[in-house]
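Asker: Protein chains in written order, with our numbering: chain A, 10 to 120; chain B, 246 to 361. For every residue, glycine included, the Cβ atom is placed at its ideal position computed from N, Cα and C. Provided herewith is a single structure, encoded as structure tokens, for subsequent inquiry.
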Amino acid sequence: SQTIHQWPATLVQPVGSPLSLECTVEGTSNPNLYWYRQAAGRGLQLLFYSVGIGQISSEVPQNLSASRPQDRQFILSSKKLLLSDSGFYLCAWSVELNTQYFGPGTRLTVL
Amino acid sequence: DQQVKQNSPSLSVQEGRISILNCDYTNSMFDYFLWYKKYPAEGPTFLISISSIKDKNEDGRFTVFLNKSAKHLSLHIVPSQPGDSAVYFCAASAGYSGGGADGLTFGKGTHLIIQP
């Protein structure tokens, strides 16, 4: 069966510091991978998606970036965090039919 | 411009009764719809989906209805149980027919509270 991991589970970072969140998927090959953010009191907003290694599509312009160095690894990064980057970050995967399955999430607090 | 709308931020239902969660969308290109359940500090869990070629899909206690002409879908949970208390997100995709990998567009969620 497929599983998806995210780490860290929680993170507190100062404004201006870098960020690296990691997501890995097990039990499937060539998944589509996604990063979403849920800000307080809001729905889930798609940030990036990837259909293959090195292929990244950005949905929202911001100071975040994503990379896919391996088939089942998806990384969300920032060079300098802003206060507005605080939120709950979710990674998801799909292989077909657009049903996406989510990881446990990372709670990011920027102070 | 919010393309998927869940106009009820919260809903309270008595245990054993039917819970009906509603969702409206504006993008006529959406052809695949999903419902997710989310507990605090956890990732959303997929519940049920429906493609635009159907108007109803049922899975156990969960049924999703799609009214394309009204651009409206609903999730029915019957009977409602205490463990159903969670935030429910409606989501839509425009890539089903083409097998696309586009991300989902989510509503803001409805907090369902099941009262004993």
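1) Quick one: is residue 113 of chain A near chain B, going by C-beta distance under 8 Å?
2) Is any beta-carbon of chain B found at less than 8 Å from that of residue 108 of chain A?
3) Cα-Cα, which of A:84, A:69 and A:71 is closest to residue 115 of chain A?
4) How big is the Cα-Cα spacing for residue 264 of chain B and residue 23 of chain A?
5) Identify each residue in the stretch 58 to 87 of chain A for which the Cβ-Cβ distance to at least one residue of chain B is less than 7 Å, and report them in chain order.
6) Quick check on the DSSP output: the beta strand (DSSP E) that includes residue 287 of chain B runs from which residue to which?
7) Just grab the DSSP bridge partners of residue 22 of chain A for me.
8) State the start and end residues of the unbroken beta strand (DSSP E) segment that holds residue 352 of chain B.
9) Are three or more beta carbon pairs between the stretch 37 to 47 of chain A and the stretch 72 to 84 of chain A nearer than 8 Å?
10) Kindly indicate which three-state DSSP category residue 78 of chain A falls into: helix, strand or coil?
11) For residue 309 of chain B, which beta-bridge partners are listed by DSSP?
12) Using only the alpha-carbon positions, how far apart do residue 256 of chain B and residue 62 of chain A sit?
13) Counting only the same chain and skipping the five closest in sequence on each side, list residues whose C-beta sits under 6 Å from that of residue 261 of chain B.
14) Less than 8 Å between CB atoms is the rule here; does residue 43 of chain A satisfy it with respect to chain B?
15) Can you round the beta-carbon distance between residue 289 of chain B and residue 334 of chain B to whole angstroms, since I take them to be within the 8 Å contact cut?
16) Mind checking residue 69 of chain A: buried by the 16 CB within 10 Å criterion, or exposed?
17) If we ignore side chains and look at the alpha-carbon of each, how far apart do residue 297 of chain B and residue 327 of chain B end up?
18) Taking 8 Å as the threshold (beta carbon to beta carbon), is residue 353 of chain B in contact with chain A?
Answerer: Taking the definition as stated:
1) yes
2) yes
3) A:84
4) 42 Å
5) 58, 60 and 68
6) It is not in any beta strand (DSSP E) - residue 287 of chain B carries neither H nor E in the DSSP assignment.
7) A:119
8) Taken as a continuous stretch (DSSP letters only), residue 352 of chain B belongs to no beta strand (DSSP E), as it is neither H nor E.
9) yes
10) strand
11) B:302 and B:320
12) 42 Å
13) 324
14) yes
15) 6 Å
16) exposed
17) 31 Å
18) yes
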